[in-house]
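Okay, structure first, notes after.
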Amino acid sequence: MSEKISRFGIAYNPQIEDAKELSKGIVRFLEDLGAEICTIAAIQDKQMRQQIKKKTFEALIVVGGDGTMLRASHICASAHMPIVGINLGTMGFLIELERDEWDQYLPKLLLGEYYIEERMLIQAEHFRSDASRGSWLVVNEVVVCRGQHVRPIQITTEVDGYPMASYVADGLIAATPTGSTAYALAAGGAILPPEMRNIITVPVAPHLSPDQAIILAEGVTITIRVRTKHQAVFSIDGHIPVVMNDGDYVKVGSSDLNSRYIRFHDPGFFYRNLNRFMEQNPSFA
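Residue numbers for the sequence shown follow our numbering, so the first one is 3 and each next one is one higher.
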């Protein structure tokens, strides 16, 4: 049994047609059970971010797909706020509840019949001439890759200051266990169970270079440096790319923060869900 939850915020993806209407239905349903809905808003709403920061409510209900859950994970991590998702997207790797079953499970929150799954986050920092140009919290992955020119770039990697591998490739991914089922999986990486606390690096289209994924311990710092005469970029969780110059590097290490996901099913649900996706990719539905 976990702590009973009675005060909620609801964040929805406004780009999904029925997400707002479903959110309103959840409000009515939970209020009939005696819960308090402190706010309902689009996931991008500034007031929603402020209320999460102030911990106005105890848990956030997210209505959307994996992208909406990623955004919620970013904004909730520093507040240590737990998240429960209702899937209106195609995949739903991060989401446990489907649109036709939320009313069976959300009442369990008021009774404390759930558990919290904590997932590792990483931090990425961009350097130019050894000066930091910014730092980002990462839920899925950091991708260092070529820009608009369809030509590979040279990438060197270090672990805690020691050389690890060099690549001529389209790019290199450094992912969390959560991100191991995203771009890293598409690039041929291993699937890491969500409770693991490791960083996995996966090269993208390596040319006469190592093509194996490498799994690293939680406490290490990975330095990813680019050598290129044309554009290179890096991106955090699929966000707008940041341009890298020749010699720029990104340092990647574990964060002190975690994503906190509310779960109702047993831990084996992750594997059952994964098996279902692999048997029939819902992106083709």
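Quick reminder that beta carbons are idealized off the backbone N, C-alpha and C, glycines included.
As the structure is a computational prediction, the values presented were derived from the model and not from experiment.
Report, in whole angstroms, the separation of the C-beta atoms of residue i and residue j, which I expect to be a contact under 8 Å.
i: Ile-202; j: Ala-186; result: 6 Å
i: Pro-84; j: Arg-262; result: 4 Å
i: Ala-167; j: Pro-212; result: 5 Å
i: Ile-226; j: Val-254; result: 7 Å
i: Pro-196; j: Phe-272; result: 6 Å
i: Arg-175; j: Val-206; result: Before going further, note that residue 175 is Ile rather than Arg in the sequence given. Correct: roughly 6 Å between the Cβ atoms.
i: Leu-35; j: Pro-109; result: 6 Å
i: His-128; j: Arg-135; result: 5 Å
i: Ile-238; j: Trp-138; result: 5 Å
i: Ile-118; j: Ser-4; result: 7 Å
Taking the beta strand (DSSP E) that residue i falls in, what are its first and last residues?
i: Ile-202; result: 200–206
i: Met-71; result: Run containing Met-71: none in the beta strand (DSSP E); it sits in the alpha helix (DSSP H), 68–78.
i: Met-166; result: 164–171
i: Ala-13; result: 9–14
i: Ile-155; result: 155–161
i: Val-313; result: Not covered by the structure: residue 313. The range shown for the chain is 3 to 287.
Quick check on residue i: does DSSP put it in helix, strand or coil?
i: His-128; result: strand
i: Glu-33; result: helix
i: Asp-258; result: strand
i: Gly-87; result: strand
i: Phe-266; result: coil
i: Leu-174; result: strand
i: Glu-60; result: coil
i: Gly-27; result: helix
i: Ala-44; result: strand
Find out if the Cβ-Cβ distance for the pair residue i, residue j is shorter than 8 Å.
i: Ala-74; j: Ala-126; result: no
i: Thr-302; j: Val-141; result: Residue 302 lies beyond the stretch modelled for the chain, which goes from 3 to 287, so this question has no answer here.
i: Ala-21; j: Leu-90; result: yes
i: Asp-258; j: Val-228; result: no
i: Ala-81; j: Lys-55; result: yes
i: Gly-66; j: Ile-45; result: yes
i: Leu-99; j: Gly-87; result: yes
i: Ala-188; j: Glu-143; result: no
i: Leu-62; j: Gly-11; result: yes
i: Met-93; j: Asp-68; result: yes
i: Ile-7; j: Leu-111; result: yes
i: Gly-149; j: Gln-233; result: yes
i: Arg-101; j: Leu-32; result: no
i: Thr-58; j: Asn-15; result: no
i: Ile-224; j: Thr-158; result: no
i: Val-252; j: Pro-243; result: no
i: Thr-41; j: Gln-156; result: no
Along the alpha helix (DSSP H) that carries residue i, what are the first and last residues, could you check?
i: Arg-51; result: 48–56
i: Leu-187; result: 185–188
Does the distance between the C-beta of residue i and the nearest non-hydrogen atom of the ligand NAP fall short of 7 Å?
i: Ile-264; result: Ligands displayed in this structure: none; no statement on the ligand NAP is therefore possible.
*Hey, which unbroken runs of the alpha helix (DSSP H) at 4 residues or more fall wholly within the region 89–140?*
104–107, 109–113
*What beta strand (DSSP E) runs, 3 residues minimum, are completely inside the region 201–256?*
216–219, 223–229, 234–238, 244–246
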